[in-house]
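Participant: Structure incoming, see below.
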Amino acid sequence: MEFLGLLNYWIIVVLMMTGFYIIIAHNNLVKKIVGLNIFQVSVFVFYITMAKVKGGTAPILAEGIEIYSNPLPHVLILTAIVVGVATTALGLALVVRIHDAYGTIEDDEIEAREKEL
Amino acid sequence: MATQYPALQVVLALLAAPVCLILRRPNAAWAVATVITWISLALALSLLGRVLETGVILYPMGDWAAPWGIEYQIDTVNAFMLVIVTLIGSVVMPFARASVKAEIEEERIYLFYCMYLLNLAGLLGIAITGDVFNLFVFLEISSLSSYVMISLGRDKRALTAAYRYLVMGTIGATFYIIGVGMMYMTTGSLNMADLAAILPAVADSRTVLVALGFLTVGLSLKLALFPLHLWLPNAYTYAPSAVTVFLAASGTKVAVYAFIRIFFTVFGGVEIFTAGVIPQILALLAALAMIVASTVAVYQTDVKRLLAYSSIAQIGYMVLGISMVTVTGLAGTIVHLFNHAIMKSGLFMAMGCILFKIGAVQLDQFEGLGKRMPVTMAAFVAGGFSLIGVPLTVGFVSKWYLVQAALEKGWWLAVAAILASSLLAVIYIWRVVEVAYFRPPPKGSAEVSEAPLSMLVPLWILIGASYYFGIDATQTLDIAFAAAETLFAPAL
Amino acid sequence: MTVELAILLAVVVPFAGAVLIPLTGAKPNLRETVTLVCAALLFYLVSVIYPTVAAGGVPEVYLFEMLSGLSVFFLVEPLGLIFAGIASFLWIATSVYSIGYMRAHNEENQTRFYAYFAIALGAAMGVAFAGNMLTLFIFYEVLTLSTFPLVAHSGTDEAKRAGRVYLGVLLGTSIGFQLLAIIWTWGLTGTLDFTDGGILAGKADGLTAGILLALYTFGIGKAALMPFHRWLPAAMVAPTPVSALLHAVAVVKAGVFTVVKVVVYIFGIDFLFDIGVSEWLQYMAAATILIASLVAMTKDNLKARLAYSTVSQLSYVILGAMLVTDLGIIGSGMHIAMHAFGKITLFFCAGAFMIAAHKTEISQMRGIGHAMPFTTLAFFIGSLSVIGLPPMGGLWSKWYLALGTLETGKLWLLGVLMISSLLNVAYLLPIPFRGFFSSPEESPPLKSSHNHDSEYDHTHDHDRPKGIKEAPVACLIAIGVTSAGCLVLFFYPDPVYDLMRQIVTP
Amino acid sequence: MAVTGFAVARLRNLFSVVMLTGLFSLMSAVLYVVLDAVDVAFTEAAVGAGIATVLMLSTLALTSSEERVSEAEKPMWALGLVVVTGAVLIYGTLDMSPFGDAYAPIHHHVVPRYLEKSGQEVGLPNIVTSVLASYRGYDTLGEVYVIFTAACGVLLIIGRPKQGRRRTLRMLVGEMRHGMRQNVILRVVSKLLIPFILVFALYVQWHGDFGPGGGFQAGVIFAAGFILYALIFDVDTARMVVPSEVTRLLLALGVMLYAGVGVVGLLRGGNFLNYSVLAQEQTAGQHLGILLVEFGVGLTVAGAMITIFFTFARQER
């Protein structure tokens with residue numbers, strides 16, 4: 010039981026690490042942003058997962074329902090999602106400008122060009 | 070009304086930002102920003118005064134008592150941070166006017182000040198809040214705005230600098246969130262004081278340990294602790310001068326504050342920090358930061374970048390003080406937060422003046438600058454002394470207490486590291502001085518031409534402050550020690 | 044005027060001068076008048092303080108609290124007064140001298156020169172009157188930084204290199220060792236005030252005290268104890284008045300002064316004597332004395348030779364202090380004074396040789412006495428004083444040092460003193476002798492062709508024994524005064540002696 | 002999901018990568034529903050799958066859509082770092098209470114009060130909304146400011162359309178929209194659809210207190226409506242419908258409304274963001290306050306999303 014109980018978390022960890030890996034290992038600036046997204050989304054899932062209560066329902070008060078899932082993480086994640094999209098938007102905007110300035114969105118090529126400066 | 074200051078401290082700046090957006094006129098935006106910043110300074114000072122008199126101020130948002138609502142818990146440490154941030158902010162504003170005009174396109178300036186206000190609000194929000202998640206939200210406000218402001222530098226490398234900062238910063242923030250999540254999982258609370266009360270009970274949980282680890286890494290990324298500093302040099306080098314001044318003086322400082330807060334308040338009652346291996350690791354990294362960063366600084370040809378590396382070294386000082394886990398060490402860190410803020414912002418302002426006149430801060434552009442911009446260079450030298458830690462400067466004061474703390478602890482290597490890095494400081498400052506004073510100005514540019522007063526006056530205010538508080542350090546020290554003791558006192 | 048006021052002014056006046064001098068920089072005469080007035084005023088102020096201290100008083104001036112529980116304040120005790128007196132008096136002489144020198148040599152940036160010179164003097168006063176180690180350290184560093192522009196005055200690459208060495212060694216030692224020692228002392232005792240009998244007694248065990256003593260002695264780089272003496276020879280590229288400042292007026296004196304001060308008032312003679320950790324430093328000092336003298340023998344450049352001679356003479360003072368006996372302390376205190384007069388005379392003469400006859404190498408100075416009898420005579424007097432022969436003041440200090448060594452019963456130290464005196468004779472006296480008793484024509488062909496050329500020119504320009512060709516009169520006055528000082532101090536050393544007495548027998 | 006994740010990591014064509022990311026967040030949205038987090042699911046679907054994807058696509062359109070195969074692929078240190086971090090995390094999970102465990106501490110410390118009292122204290126059935134807008138309303142204010150910051154930032158970074166050839170975001174949906182132009186059905190349908198979307202947005206806005214939804218989701222949907230319009234018809238036309246001044250105004254007004262409500266509470270003797278004092282009796286005040294701030298959120302989010310989108314859209318390649 011213990012093992013099964015933690016399984017979800019482990020899957021989530023795998024997801025997080027996929028995103029993390031994309032960020033640090035990949036060269037393409039857009040891809041990095043994608044990685045960030047995946048990383049964050051998996052963190053969100055992590056929060057939501059911890060909020061679930063067996064047999065609970067969505068935390069909307071209604072007659073005859075006793076068990077609700079934990080609303081607080083939901084709130085936090087609502088906030089976090091917004092932060093996420095905000096970051097994405099900014100990052101992408103920067104990517105666009107970088108592309109204008111350097112004509113590429115590959116990290117190493119950019120570094121090469123910076124060396125020349 | 071005074072009871073509402075804590076809210077106003079942050080909300081004023083928040084409210085002013087959209088105003089700037091609507092106004093859409095550079096000067097109007099500047100005026101608004103300036104007024105707001107100065108008011109915030111007044112608020113911060115009065116808050117500090119009240120805290121010193123009456124102790125901790127509690128301010129539950131929306132009258133929802135913690136831990137259900139978000140509550141501000143302002144003790145000496147917060148208040149002092151608020152003062153530092155707003156103080157630098159208010160000195161930067163007059164300076165910014167000319168410098169920003171010179172470095173940013175006309176039609177973007179109003180948005181710039183909007184960003185500046187948001188950044189200010191974000192930093193204040195971090196410094197004042199008593200809720201770990203709320204801290205994250207404001208961390209993001211300040212981070213996003215600083216990414217934007219950095220990207221406004223004239224050099225196109227500013228863009229990549231901002232992008233890299235964005236990526237690393239977001240990783241840091243996400244790590245922080247993971248840490249918070251795990252803490253929440255084990256305690257069910259997000260309020261700092263509440264966490265501090267609960268955590269000891271569950272301290273042995275591996276989850277908490279990992280949580281602490283992630284918080285540490287996340288914040289270290291934000292405060293550019295060696296070797297997680299990679300984003301900093303470019304960011305500081307290519308950002309517009311005013312931004313560099315403000316960020317260098319307040320951005321990393323607030324991150325350091327958050328670091329302190331997490332370790333000493335939230336995990337205050339928990340052995341795993343005070344007794345665990347983490348302090349040793351931190352001390353090691355700090356010492357490395359001091360030595361390596363200072364050494365790298367010696368070999369820089371871009372003076373702004375040189376100063377950026379010296380900032381990394383100075384952050385090493387602060388972390389070292391933290392890692393000692395003694396009142397003296399912590400007090401040394403806190404007083405250094407203030408001291409380094411004023412001296413480094415002064416130095417970066419000098420850079421701003423030179424950029425304004427000469428257009429670049431490569432070392433060879435400094436030839437004969439001692440004659441061409443005597444006032445600015447004098448300020449630079451004076452600030453440099455402070456960086457070295459010559460007596461009568463603030464740098465000397467912080468160094469004194471850090472060394473003393475290290476001696477109490479018997480950490481000889483730490484002592485050696487501090488002294489060695491100040492000797493390295495002698496070298497990298499002197500390289501600049503020699504070029505500026507012992508090389509003739511290049512042909513045709515020998516005439517004296519100084520930056521406008523609106524830039525020189527703030528510059529000298531900061532330099533003056535870095536001597537005033539070096540000559541009579543008693544006020545700052547008293548506050549710092551009071552703060553350190555509150556941090557060691559059992560959390561409320 | 045009250046003594047307290049005098050003390051305060053004594054520190055303020057030079058700084059005020061440093062402000063005035065640039066303002067008057069346009070008119071050289073006015074500028075130099077300002078310098079002279081400041082110098083005279085300063086000496087007057089010190090003389091105002093003298094009676095009080097001589098009568099055993101310790102006037103005190105509280106300035107402000109700097110770190111919590113740690114204040115900056117002045118407290119004049121005999122040793123400090125001696126140092127202040129010498130510095131202020133020799134400032135007058137040096138100013139007079141530099142007027143002649145700088146003009147004859149038409150140096151650049153003379154205004155900057157006089158300004159920083161004044162600052163250096165102010166710092167020296169601060170060091171002399173410092174009431175605690177923190178105050179002393181502050182002014183010590185001010186002194187270092189303010190003399191840097193003087194050392195690197197000419198701005199040539201050589202000067203810059205010298206400047207780097209100078210700053211590197213002095214800041215390095217002071218931040219690396221001295222500051223550490225100070226903070227450590229503070230941590231141990233909770234005070235840094237100079238108090239009779241020291242503050243460390245009972246607070247630090249033998250080992251700690253030993254380490255501290257080493258940190259202090261080597262941390263005071265200005266005392267030029269080997270191996271931290273490099274800056275002194277390097278700094279001789281500076282104009283001669285600066286060398287005078289470094290070697291006689293302020294800098295090195297501040298160094299040895301600080302050493303004595305630390306020994307007497309931080310450690311306390313008795314405490315240090317009991318734990319006896321100072322012994323190995325006696326060896327260091329003795330070694331420095333001999334090695335430096337030997338090196339001095341090998342130098343042909345006059346200023347270089349004098350520089351090394353200073354290194355060795357400074358170690359006399361350190362040795363005296365490290366003997367931690369009453370007579371030893373007295374000896375070192377007096378040596379500060381005596382050596383100051385002797386050495387400044389020598390440097391003045393060296394400068395005179397250079398500007399009048401353009402001679403810097405000793406081998407060129409055969410027969411110089413025919414052209415510059417007065418200067419050469421003064422050089423002779425100075426030499427005698429440095430060597431410690433009657434009828435010069437130098438005798439007394441060496442006398443008491445010798446007694447000090449006897450007090451400790453360490454005869455070999457006495458031997459060291461004697462040998463080094465002989466070495467002094469060997470490397471100093473030949474210069475005036477050759478100057479007088481050999482004629483220029485006999486000067487042998489020199490090694491390097493370059494020197495030969497210059498030698499050749501000189502023979503044309505000056506070295507003909509046709510008439511007198513002395514340095515500018517201003518220089519001569521200064522030389523006269525200082526060499527007279529050497530004599531006076533032989534017949535009338537009492538003030539210095541009495542003051543030192545007070546220290547050891549409170 | 003994991004599969005998608007790996008696919009993203011492997012794939013080179015960025016278009017498909019982005020699409021997969023959209024898919025990824027959609028799936029996570031589904032997962033949220035399963036886990037009872039309806040509001041979150043709603044938002045994730047709208048944002049992660051919607052806005053974020055559109056933005057990424059436009060970026061690709063503006064830059065390049067192929068990731069270059071770099072020889073220095075899969076650097077080992079990265080892999081190592083990831084593995085270590087993952088291991089640490091796993092280690093951390095070991096002491097977590099198993100999934101869905103009703104006895105986990107989180108369900109027993111702070112939350113119960115929300116579950117039990119929020120009914121009386123705030124008077125809204127949707128607890129998430131009450132917590133979001135009232136108990137932790139300050140966080141939400143911060144959140145709104147984050148999006149506000151992002152909008153201003155985007156304006157600041159790529160704000161000014163550069164002169165020259167107007168090859169705008171048409172590139173992005175070039176072929177697509179080319180089809181659409183002709184495709185009468187699509188045009189008609191969307192013409193019919195868009196009003197409904199907007200209405201639905203309003204519904205979500207006001208209904209948020211009772212069911213899932215709220216200002217944030219509403220704002221996004223509202224924006225989505227316009228974006229759809231822009232995609233199918235023409236960016237410039239859409240711009241005419243909502244000129245940039247208007248969106249900016251929305252942007253600013255929204256945040257000011259939110260903060261303003263807080264200040265009013267403050268002026269009426271409560272603390273900042275205390276809605277109870279807005280009306281005589283607490284729940285009424287709370288209700289009013291929440292309606293207002295939710296509206297503010299809606300305004301800002303809609304404004305921000307539209308601004309961001311159009312700013313991207315006005316870029317040229």
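Chains as they are written, first to last, in our numbering: chain A, 10 to 126; chain B, 70 to 561; chain C, 44 to 549; chain D, 2 to 318.
We treat Cβ as the ideally placed atom computed from N, Cα and C, and that holds for glycine.
1. Any Cβ of chain B within less than 8 Å of the Cβ of residue 303 (chain D)?
2. Can you name the residues of chain A whose CB is closer than 7 Å to the CB of residue 181 (chain B)?
3. Using a Cβ-Cβ cut-off of 8 Å, state whether residue 209 (chain B) counts as contacting chain D.
4. Is the distance from the Cβ of residue 167 (chain C) to the Cβ of residue 297 (chain C) below 8 Å?
5. Can you give me the C-alpha to C-alpha distance between residue 214 (chain B) and residue 156 (chain D), rounded to a whole angstrom?
6. Are the region 418-431 of chain C and the region 377-386 of chain C in contact at 8 Å, needing three or more beta carbon pairs?
7. Per DSSP, which one or two residues make a beta bridge with residue 173 (chain C)?
8. Going by DSSP in three states, residue 144 (chain B) sits in which element: helix, strand or coil?
9. One question on the structure: do residue 60 (chain A) and residue 39 (chain D) come within less than 8 Å of each other, judged by their Cβ atoms?
10. Please list the partners that residue 84 (chain B) has in chain D, where partner means a Cβ-to-Cβ separation under 7 Å.
11. Return no unless some Cβ of chain B is closer than 8 Å to the Cβ of residue 498 (chain C).
12. Whose C-alpha, out of B:509, B:525, B:519, is nearest the C-alpha of residue 200 (chain C)?
13. Pull up the distance between the alpha-carbon of residue 354 (chain C) and that of residue 521 (chain B), whole angstroms please.
14. Check for me: the alpha helix (DSSP H) holding residue 117 (chain D) runs from which residue to which?
15. Looking at chain D, which residues of the region 110-125 of chain A have a Cβ within less than 7 Å of any of its Cβ atoms?
16. Buried or exposed: where does residue 100 (chain A) fall if 16 or more other Cβ atoms within 10 Å of its Cβ makes it buried?
17. Is there contact here, the region 21-30 of chain D with the region 526-533 of chain C, by at least three beta-carbon pairs under 8 Å?
18. Taking DSSP as the reference, what is the three-state secondary structure of residue 369 (chain B)?
19. Just to confirm, are residue 382 (chain B) and residue 356 (chain B) a CB contact at a threshold of 8 Å?
20. Mind listing which residues of the region 82-111 of chain C have their C-beta closer than 8 Å to chain B's C-betas, in chain order?
21. Who are residue 431 (chain B)'s beta bridge partners in DSSP?
22. With DSSP collapsed to three states, give me the class of residue 236 (chain C).
23. Using a Cβ cut-off of 8 Å, which residues of the region 210-235 of chain B contact any Cβ in chain D, in chain order?
24. Given a limit of 7 Å on CB to CB distance, which residues of the region 24-39 of chain A reach chain B?
25. For residue 239 (chain D) and chain B, any beta-carbon pair shorter than 8 Å?
26. Tell whether a beta-carbon distance below 8 Å holds between residue 154 (chain B) and residue 193 (chain B).
27. Counting along the chain, where does the alpha helix (DSSP H) carrying residue 92 (chain B) start and finish?
28. For a quick check, are the C-beta atoms of residue 53 (chain C) and residue 135 (chain C) less than 8 Å apart?
29. With which residues is residue 104 (chain C) paired in a DSSP beta bridge?
30. Show which residues of chain B have a CB atom less than 7 Å away from the CB atom of residue 158 (chain D).
31. Alpha carbon to alpha carbon, how far is residue 366 (chain C) from residue 297 (chain B)?
32. From B:92, B:107, B:262, B:240, pick the residue whose C-alpha is nearest to that of residue 181 (chain B); which is it?
33. What is the rounded straight-line gap between the Cα of residue 488 (chain B) and the Cα of residue 224 (chain C)?
34. Quick check on DSSP: helix, strand or coil for residue 37 (chain D)?
35. Residue 239 (chain C) and residue 308 (chain C) look like a contact to me (Cβ under 8 Å); what is the Cβ gap, rounded to whole Å?
Facilitator: The relevant details are as follows:
1. The count along the fourth sequence starts at 1 and reaches residue 303 (chain D) at position 302. Closer than 8 Å: no.
2. On the second sequence, residue 181 (chain B) is found 112 positions in, with the first residue counted as 1. The contacting residues do not exist; residue 181 (chain B) stays about 15 Å from chain A at best.
3. Translated into the one-based positions of the second sequence, residue 209 (chain B) becomes position 140. True, the Cβ-Cβ gap to chain D drops below 8 Å.
4. Numbered from 1 along the third sequence, position 124 holds the residue referred to as residue 167 (chain C). Numbered from 1 along the third sequence, position 254 holds the residue referred to as residue 297 (chain C). Contact flag set, yes.
5. Mapped onto the second sequence, residue 214 (chain B) falls at position 145. Mapped onto the fourth sequence, residue 156 (chain D) falls at position 155. Cα to Cα, residue 214 (chain B) sits roughly 12 Å from residue 156 (chain D).
6. yes
7. Indexing the third sequence from 1 puts residue 173 (chain C) at position 130. Beta-bridge pairing links residue 173 (chain C) to C:117.
8. To locate residue 144 (chain B), count along the second sequence from 1; it is residue 75. Looking at residue 144 (chain B) - three-state DSSP - the assignment turns out to be coil, as it is neither helix nor strand.
9. Your numbering for residue 60 (chain A) matches position 51 in the first sequence. Your numbering for residue 39 (chain D) matches position 38 in the fourth sequence. The answer is no: Cβ separation not under 8 Å.
10. Along the second sequence, read from residue 1 onward, the residue named residue 84 (chain B) stands at position 15. Those are 257, 260, listed as they occur along chain D.
11. Along the third sequence, read from residue 1 onward, the residue named residue 498 (chain C) stands at position 455. Model confidence at residue 498 (chain C) stands at a pLDDT of 40, short of 50, so the residue's coordinates are unreliable; what they give is reported in the following sentence. By this cut-off, residue 498 (chain C) is not an interface position.
12. Taking the third sequence and counting its residues from 1, one reaches residue 200 (chain C) at position 157. Nearest option by C-alpha distance: B:509.
13. Start at 1 with the first residue of the third sequence, and residue 354 (chain C) comes out as number 311. Start at 1 with the first residue of the second sequence, and residue 521 (chain B) comes out as number 452. Cα-Cα distance, rounded: 50 Å.
14. As a position in the fourth sequence, residue 117 (chain D) is number 116, starting the count at 1. Start and end: 112-122.
15. 114, 115, 117
16. Position 91 of the first sequence, counted from the start, is the residue given in the question as residue 100 (chain A). It counts as buried.
17. no
18. As a first step, residue 369 (chain B) must be located in the second sequence, where it is residue number 300. Three-state DSSP puts residue 369 (chain B) in coil, outside helix and strand.
19. Within the second sequence, residue 382 (chain B) is the residue found at index 313, counting from 1. Within the second sequence, residue 356 (chain B) is the residue found at index 287, counting from 1. No, these two residues do not count as a Cβ contact at 8 Å.
20. 107, 108, 109, 110, 111
21. Within the second sequence, residue 431 (chain B) is the residue found at index 362, counting from 1. Looking at the DSSP assignment, residue 431 (chain B) forms a beta bridge with B:371.
22. Within the third sequence, numbered from 1, the residue matching residue 236 (chain C) stands at position 193. Correct three-state label for residue 236 (chain C): strand.
23. 210, 213, 214, 216, 217, 220, 221
24. 32, 38
25. As a first step, residue 239 (chain D) must be located in the fourth sequence, where it is residue number 238. Output row for residue 239 (chain D): interface = no.
26. Walking along the second sequence from the start, residue 154 (chain B) turns up at place 85. Walking along the second sequence from the start, residue 193 (chain B) turns up at place 124. Yes. Within cutoff.
27. Walking along the second sequence from the start, residue 92 (chain B) turns up at place 23. Per DSSP, residue 92 (chain B) belongs to the alpha helix (DSSP H) from 74-92.
28. Indexing the third sequence from 1 puts residue 53 (chain C) at position 10. Indexing the third sequence from 1 puts residue 135 (chain C) at position 92. No, they are not a contact pair.
29. Here residue 104 (chain C) refers to the residue found at position 61 of the third sequence. Note: residue 104 (chain C) sits in a beta bridge opposite C:117.
30. As a position in the fourth sequence, residue 158 (chain D) is number 157, starting the count at 1. Here the neighbours are 217, 220.
31. Here residue 366 (chain C) corresponds to residue number 323 of the third sequence, with the count starting at 1. Here residue 297 (chain B) corresponds to residue number 228 of the second sequence, with the count starting at 1. When rounded, the distance between both Cα atoms is 54 Å.
32. If you number the second sequence from 1, residue 181 (chain B) lands on position 112. Cα-wise, what sits closest to residue 181 (chain B) is B:92.
33. Here residue 488 (chain B) refers to the residue found at position 419 when the second sequence is read from its first residue. Here residue 224 (chain C) refers to the residue found at position 181 when the third sequence is read from its first residue. If I take the Cα positions, the gap works out to 12 Å.
34. Counting from one through the fourth sequence, the residue named residue 37 (chain D) turns up at place 36. Looking at residue 37 (chain D) - three-state DSSP - the assignment turns out to be coil, as it is neither helix nor strand.
35. As a working mapping, residue 239 (chain C) is identified with position 196 in the third sequence. As a working mapping, residue 308 (chain C) is identified with position 265 in the third sequence. Correct: roughly 7 Å between the Cβ atoms.
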